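This report concerns only the one structure given below.
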Amino acid sequence: CIVATVPSGPLTSQKHQHGSHSSMTTKELQEYWKKEKCQCRQVSLVFEIPSTRIVEHHLSKYVMYKIIILQTGSFDCNKSIIERRYSDFEKLHRKLLEDFSEEMEDVTFPKKTLTGNFTEEIINERKLAFKDYLRLLYSMRYIRRSKKFIDFLTRPELEEAYGCLRGGQYTKALEILLEVIGLQERLMRGNPVSVVPTLCAIVVCHKDLENPASAFEYGEEALLRLRVHTSHRYYIPLLETMIALAYELGKDFLALQEKLEELKAKKHPVKIFTLKELAVREYVQ
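The sequence shown begins at 13 in my numbering and counts up one residue at a time.
What follows is the structure, encoded as structure tokens:
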């Protein structure tokens, strides 16, 4: 479960500043990334665990911890809310120890108790302990940038979203993807290409929901991130989708068509998946 308030369109303020990314000059693009890198250095996240709830399923009973992730120096519009249980934290700790044993030397993890797991006292102690635990992990550069840490904060929601997408539940998939992408962007600002699959999944959802203008907008954001990564597996399928969307919207697609033909001429004949075919292959459990 995740609740996040994000702008209605991707990086809305930047779009207002720069207009269409596909028409930016090299100098404008350099200035854009310079500003992005500057903003990246300023971004810091704060973790709060304000509440919990007890879940009972047949013979299973556990505590879900509500985690609020806030960006420092921002208002509540930049917060994300996720829920995780003790076993999720425990798996994260075990996985991080595999790669970061030295860094984790002084990190304490709340121990299991044989009884009293559902008492108010134990739950409150763990709330504080998990808050400190996340704060400490995030303070360590290599850990906060690690796939295992980022997966802990985003993967359950992404798995749910892609499951909905595969099942044709595009409205539900889109709702979850729009919630999680804000958190992804804040966690991975130093690696903008990493959010391309999510952006492309959003494009697919909007397209299948017959929202071509919104699909094109998110597609432009994905293309911007791939501008110097033209060998990326999403690049050609994204170009093909953007050409179709531009045609549908009455936009000029000549530059996109030229890029596509140039790339295809360089590649050996191989099967190229459509954007949707790529998207449904993500996060298959």
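Heads up, the beta-carbon is just placed ideally off N, CA and C, and yes, glycines get one too.
Since the model is a prediction, treat every value here as computed from it, not as a measurement.
Considering only C-alpha positions, which residue in the set the options is nearest to residue i?
{"i": "L273", "options": "I248, K263 and K283", "result": "The question names Leu, but residue 273 is Glu in the sequence shown. Nearest option by C-alpha distance: I248."}
{"i": "Y295", "options": "E169, R147 and V119", "result": "E169"}
{"i": "F142", "options": "T64, A225, T242 and L268", "result": "T64"}
{"i": "G231", "options": "I162, F101, A258 and G262", "result": "A258"}
{"i": "T286", "options": "V58, A267 and A256", "result": "A256"}
{"i": "S151", "options": "V58, N129, E171 and E68", "result": "V58"}
{"i": "Y98", "options": "K139, M116 and D118", "result": "K139"}
{"i": "S243", "options": "L261, I284 and D100", "result": "I284"}
Tell me the DSSP secondary structure of residue i in three-state form.
{"i": "E68", "result": "strand"}
{"i": "L82", "result": "strand"}
{"i": "K73", "result": "strand"}
{"i": "L221", "result": "coil"}
{"i": "R157", "result": "coil"}
{"i": "E117", "result": "coil"}
{"i": "S56", "result": "coil"}
How many Å lie between residue i and residue j at the Cα?
{"i": "K123", "j": "E137", "result": "11 Å"}
{"i": "V240", "j": "K271", "result": "13 Å"}
{"i": "D144", "j": "N223", "result": "43 Å"}
{"i": "E132", "j": "R147", "result": "23 Å"}
{"i": "N203", "j": "R157", "result": "9 Å"}
{"i": "I66", "j": "C212", "result": "36 Å"}
Just to confirm, is the Cβ distance from residue i to residue j under 8 Å?
{"i": "T210", "j": "I193", "result": "yes"}
{"i": "I134", "j": "T125", "result": "yes"}
{"i": "F112", "j": "I80", "result": "no"}
{"i": "A225", "j": "V208", "result": "no"}
{"i": "N205", "j": "L238", "result": "Sequence check: residue 205 is Val here, not Asn. Contact: yes."}
{"i": "Q4", "j": "R198", "result": "In this structure the chain extends from 13 to 297, so residue 4 is not present and cannot be described."}
*Would you say the segment 275-293 touches the segment 235-250, given that touching needs at least three Cβ pairs under 8 Å?*
Put simply, the segment 275-293 touches the segment 235-250. At least three CB pairs are less than 8 Å apart.
*Any contact of the segment 213-223 with the segment 173-183, i.e. 3+ C-beta pairs under 8 Å?*
Result yes; three or more Cβ-Cβ pairs closer than 8 Å.
*asked:* Does the segment 96-112 come into contact with the segment 151-164, if we say contact requires no fewer than three beta-carbon pairs (one atom in each stretch) closer than 8 Å?
replied: Short answer: they touch.
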